[in-house]
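**Q** Heads up: the sequence lines are chains D and S, in that order. Under full-length UniProt numbering, the first residue of the first sequence is numbered 1, with each subsequent residue one higher. Under full-length UniProt numbering, the first residue of the second sequence is numbered 1, with each subsequent residue one higher. The beta-carbon is built from N, C-alpha and C at its ideal position, and this holds for glycine as well. Predicted model only: the values in this text are computed from it and were never measured. Handing you a structure now.
There are 2 protein chains.
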Amino acid sequence: MPILVMKFGGTSVADLDRIANAAEKVKREVERGYDVIVIVSAMSGKTNELVNWVETTSPLYDAREYDAVVASGENVTAGLMSLRLQEMGVSARSWQGWQVPINTTSAHGAARFMSIPRANIDAKFAEGFRVAVVAGFQGLSAEGRITTLGRGGSDTTAVAFAAAFEAERCDIYTDVDGIYTTDPRISPKARKLDKIAFEEMLELASLGAKVLQTRSVELAMRYNVRLRVLSSFEETDENSGTLVCGEDEIMESKVVSGVAYSRDEAKITLFTIEDRPGIASAIFGPLAEAGINVDMIVQNISEKDYDDAHTGAVTDMTFSCPTNQVARARKAMEDAMAAGLIKYDDLIIDTEVAKISVVGIGMRSHAGVAAKMFEALAAENVNIKVIATSEIKISVLVDRKYLELAVQALHDAFELDKA
Amino acid sequence: MPILVMKFGGTSVADLDRIANAAEKVKREVERGYDVIVIVSAMSGKTNELVNWVETTSPLYDAREYDAVVASGENVTAGLMSLRLQEMGVSARSWQGWQVPINTTSAHGAARFMSIPRANIDAKFAEGFRVAVVAGFQGLSAEGRITTLGRGGSDTTAVAFAAAFEAERCDIYTDVDGIYTTDPRISPKARKLDKIAFEEMLELASLGAKVLQTRSVELAMRYNVRLRVLSSFEETDENSGTLVCGEDEIMESKVVSGVAYSRDEAKITLFTIEDRPGIASAIFGPLAEAGINVDMIVQNISEKDYDDAHTGAVTDMTFSCPTNQVARARKAMEDAMAAGLIKYDDLIIDTEVAKISVVGIGMRSHAGVAAKMFEALAAENVNIKVIATSEIKISVLVDRKYLELAVQALHDAFELDKA
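This is the structure in structure tokens:
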């Protein structure tokens, strides 16, 4: 029988009623003829309770014990979901990570998949079981310890199972009903997309659309796993939600598919640095070591004149990072200066910026997208502070106060409200 | 290094403070030079929460899923205890049942130990780990599923580990500070015992003293594991609590060690049954099939005359069972009558009785204990309804209203308040 993977996040299994509701959706897919692998998160709030106990007990905790404690939340949901399905007449059993086994690296708290052997679960399907309920977010290290996968680990588990079992599709049930052209809270004209390409979703995910974790989309793209995002809390059918898939499945795509934003960005500029080979690595090496997520990077020709202190060519370097990493970024730069690795006249931090991006695979074959974007922003008097582009997206930093205005203007300019 | 097993029940690990308190006790034993195996229960209330979820989700639950869900409570405590010990500078790691592995039968919810291989934990001790924190109450079936051991399973786990690892002792930390000559709530003269023999403890445990589960005492006796019962909530040292041990360790024992009672007993009498070979099995076979825990059994010569309906000798049969099994017992008897297996004139149930027992290994070599017991009860005008004896105990059923009076009278008569 064809295999379907269905994933339910924490709010979708928050209590027994919601578990029952999710089980109904699973049953429907079984009736449609699928063998189903269900990936479950912990009931919402449970993981926080467990994390809090661990951190209170041991602030600098042993990550192996952290994982052993925290993974129990998903195990509970898996058992309860299996029981609920059985109660509805569906033959199901629960699987903890070590029982599958979900083999991972030993990087506790941020483990990565090594292999998911199919044999055990396939044997149960062959026996007539129709559903395998798998605890998400966890695995087994070569040392026989329980691992967890880190943020978004349940989505990633779902995609990994879909790849390993060659599933027809991986349905991610969540608290929104799909992927929108932009955040509906910012633009009431936002429209739900029927389909979106992996590459676009990846840009949207990493740019701040919170629905899917970047890592799960990457994995889906690599193994060509068709992902569907849909709501746990509404009636759903084969056409619900948004399908994230390869470009080949998308007949006619618009040039721009969506407008993403990231509110908490900071812009850091180093003025008057030497313009020499190796200067970029002298700056970004220390930032990487300090764990700063540098996003946009722009190097300008300095407008300043040479002075006595600078005997060579000079330039300015601007980069962006999340606002909560600004203090660490400043320290990394000051330390690098003190260590003689870099030299700058001034370090200016602007924490009042936001990033707006337009994303679309159609950009590859269409010129003029950037011009249209800048024009739309100019028409609203929104000043652009930094520009960065990739093959399928254009991102700008603007003053944060213009965020809503800019998103709405771009949504209108690219007519994203029209199908 | 010598190995010590320490077990902490649910109230002893009810919250993070109590886990920390228990960890202090573990650390002290490590400092005394022991390698320690700690067996933990779920934080109190957690198991009930999980059981409630399971029963609400599926009233006739799949016991394998029940076990998978419920066992998670102990896993959480094991991780937290290990973290707490690490935080105190003690090298510890947690062990879930499948990691040891604790091999059990597949009787989910009431599994029995098959084997506890030492290799994995011994290897960690050899590496320098000083504490293995093991989740109690659980194991692994040959099918790779999580099992639970049923009532008192954590005590049993502790004893089984003590046997497998040839531990010097198995300390059971609980909410009382030892085994008493009787229930202190009933007799203020109750005295804590320093030592008690396995056989005595077994009689006391099965007779209603709630401190240790029968099964764990049986296991301790079989493998000669020295058990110590002591309080989690008091300062304890090498001499705290009560040691449950072989008779050879008890120098001079009193004839009677304690007075036990069981409040919720019922007495059932079948009048005028045939007095023929096989009649007992015709009665107690159906009761066993119905799951009735028959305790005392007394067969009397009937005082009734022969009548037309009975052509052979007749007798009466009396037995006792817990009050909450009376309805089932009556039905089993009525069904057996309807099926023609047995025949009786009347079935009389008395649910207002209690069982009082005096227990002591010294009885084996001392006559007159029964006489002294009956005399003491007679002096208080307590009528004895049924008597049953074993090598080291004498039990009587009395009207429940006399329970406290009878316990106190016997405690005085055998001078149990004196060491």
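Could you say which of S:F198, S:G73, S:I146, S:L377 lies nearest to A111 (chain S) if we only look at CA atoms?
**A** Of S:F198, S:G73, S:I146, S:L377, the residue nearest in Cα terms is S:I146.
**Q** Considering only residues of the same chain and omitting the five flanking positions on each side of F140 (chain S), which have a CB-CB separation below 7 Å?
**A** In the sequence as displayed, the identity of residue 140 (chain S) is Leu instead of Phe. If we look at L140 (chain S) and ignore the five residues flanking it on each side, its Cβ neighbours are G97, W98, P101, I102, N103, T104, I146, T147.
**Q** Could you check whether I349 (chain S) and residue 444 (chain S) sit closer than 8 Å to each other, using their CB atoms as the reference points?
**A** Residue 444 (chain S) falls outside the range modelled here, since chain S spans only 1 to 419, and no answer is possible.
**Q** If we count the other Cβ atoms within 10 Å of its Cβ and call it buried at 16 or more, is K331 (chain D) buried or exposed?
**A** When all chains shown are included, K331 (chain D) counts as exposed.
**Q** D335 (chain D) by DSSP, collapsed to three states: which one?
**A** Helix.
**Q** Against Y61 (chain S), what residues of chain D qualify as contacts under a CB-to-CB distance less than 7 Å, listed in chain order?
**A** L83, listed in chain order.
**Q** Starting from Q99 (chain S), find everything on chain D with Cβ-Cβ shorter than 7 Å and list it in chain order.
**A** What Q99 (chain S) touches in chain D: G144.
**Q** Any idea which residues DSSP pairs Q138 (chain D) with across the strands?
**A** Paired residues: D:T148.
**Q** Roughly how many whole angstroms lie between the Cα atoms of A163 (chain D) and V217 (chain S)?
**A** If you take the alpha carbons of A163 (chain D) and V217 (chain S), they lie about 51 Å apart.
**Q** Output the boundary residues of the alpha helix (DSSP H) element that contains K192 (chain S).
**A** Looking at the DSSP string, K192 (chain S) is not in any alpha helix (DSSP H), and its letter there is neither H nor E.
**Q** Buried or exposed: P188 (chain D), going by 16 or more other Cβ atoms within 10 Å of its Cβ?
**A** Exposed, since its Cβ has fewer than 16 Cβ neighbours within 10 Å.
**Q** Once DSSP output is grouped into helix, strand and coil, what is the label at S216 (chain S)?
**A** S216 (chain S) falls in the helix class under three-state DSSP.
**Q** Which residue from S:A42, S:A92, S:L80 puts its Cα closest to that of V69 (chain S)?
**A** Closest option to V69 (chain S), Cα to Cα, is S:A42.
**Q** Using a Cβ-Cβ cut-off of 8 Å, state whether S231 (chain D) counts as contacting chain S.
**A** No, because no Cβ of chain S sits closer than 8 Å to the Cβ of S231 (chain D).
**Q** Taking one C-beta from the stretch 49-63 of chain S and one from the stretch 128-135 of chain S each time, how about it: are there three or more such pairs within less than 8 Å?
**A** No, they do not touch.
**Q** Which chain S residues are close to residue 421 (chain D), counting only those with a beta carbon under 7 Å from its beta carbon?
**A** This structure does not reach residue 421 (chain D), given that chain D is present from 1 up to 419, and the question cannot be answered.
**Q** With which residues is R130 (chain D) paired in a DSSP beta bridge?
**A** In the DSSP output, where bridge partners are listed per residue, R130 (chain D) has none listed.
**Q** Under DSSP, the alpha helix (DSSP H) around I279 (chain S) begins and ends at which residues?
**A** 279-289 is the span of the alpha helix (DSSP H), which, as asked, contains I279 (chain S).
**Q** Is the stretch 265-282 of chain D touching the stretch 244-251 of chain D in the sense that three or more CB pairs, one from each, lie closer than 8 Å?
**A** At 8 Å Cβ cutoff, the stretches do not touch.
**Q** Per the contact definition of three or more C-beta pairs closer than 8 Å, is the stretch 383-399 of chain D in contact with the stretch 16-35 of chain S?
**A** Short answer: they don't touch.
**Q** Using a threshold of 8 Å, state whether the C-beta atoms of K25 (chain S) and Y173 (chain S) are closer than that.
**A** Their beta carbons are under 8 Å apart, which means K25 (chain S) touches Y173 (chain S) by this criterion.
**Q** Are L80 (chain S) and A160 (chain S) closer than 8 Å when you measure CB to CB?
**A** It is not a contact, given that the beta carbons lie outside the stated cut-off.
**Q** Note down the Cα distance separating M404 (chain S) from S365 (chain S), rounded to an integer number of angstroms.
**A** Per the sequence shown, residue 404 (chain S) should be read as Glu rather than Met. So the alpha carbons of these two residues sit roughly 29 Å apart.
**Q** Straight-line CA distance for S72 (chain D) to V13 (chain S)?
**A** Computed Cα separation, rounded: 17 Å.
**Q** Does the beta carbon of T56 (chain D) come closer than 8 Å to any beta carbon on chain S?
**A** Output row for T56 (chain D): interface = yes.
**Q** Quick test of the definition: if touching needs 3 or more C-beta pairs under 8 Å, does the stretch 255-262 of chain S touch the stretch 352-372 of chain S?
**A** The answer is yes - the stretch 352-372 of chain S touches the stretch 255-262 of chain S, with three or more Cβ pairs under 8 Å.
**Q** Looking at the C-beta of A370 (chain S), does it have a partner C-beta in chain D at a distance below 8 Å?
**A** Not one chain D Cβ lies under 8 Å of A370 (chain S).
**Q** Could you give the first and the last residue of the continuous beta strand (DSSP E) run that contains I394 (chain S)?
**A** Element bounds for I394 (chain S): 393-399.
**Q** Measure from the alpha carbon of E199 (chain S) to the alpha carbon of each residue in S:F113, S:D175, S:P184, S:N224, then state which is nearest.
**A** Of S:F113, S:D175, S:P184, S:N224, the residue nearest in Cα terms is S:N224.
**Q** Check whether the stretch 77-92 of chain S touches the stretch 113-133 of chain S, counting contact only when three or more Cβ pairs, one atom from each stretch, lie closer than 8 Å.
**A** Touching, yes.
**Q** According to DSSP, is K418 (chain D) helix, strand or coil?
**A** Reduced to three states, the DSSP call for K418 (chain D) is coil.
**Q** Are V76 (chain D) and L416 (chain S) close, meaning C-beta to C-beta below 8 Å?
**A** Cβ atoms of V76 (chain D) and L416 (chain S): not closer than 8 Å.
**Q** So what does DSSP say about E235 (chain S), is it helix, strand or coil?
**A** It is coil, neither helix nor strand.
**Q** In chain order, which alpha helix (DSSP H) runs of at least 4 residues are fully inside the stretch 29-68 of chain D?
**A** 46-57, all fully within the stretch 29-68 of chain D.
**Q** Work out the CA separation of K46 (chain D) and K355 (chain D) for me, nearest whole Å.
**A** Rounded to whole angstroms, K355 (chain D) to K46 (chain D) spans 33 Å at the Cα level.
**Q** Looking at the unbroken alpha helix (DSSP H) that takes in K372 (chain D), where does it start and where does it end?
**A** Where K372 (chain D) is concerned, the enclosing alpha helix (DSSP H) stretches over 369-379.
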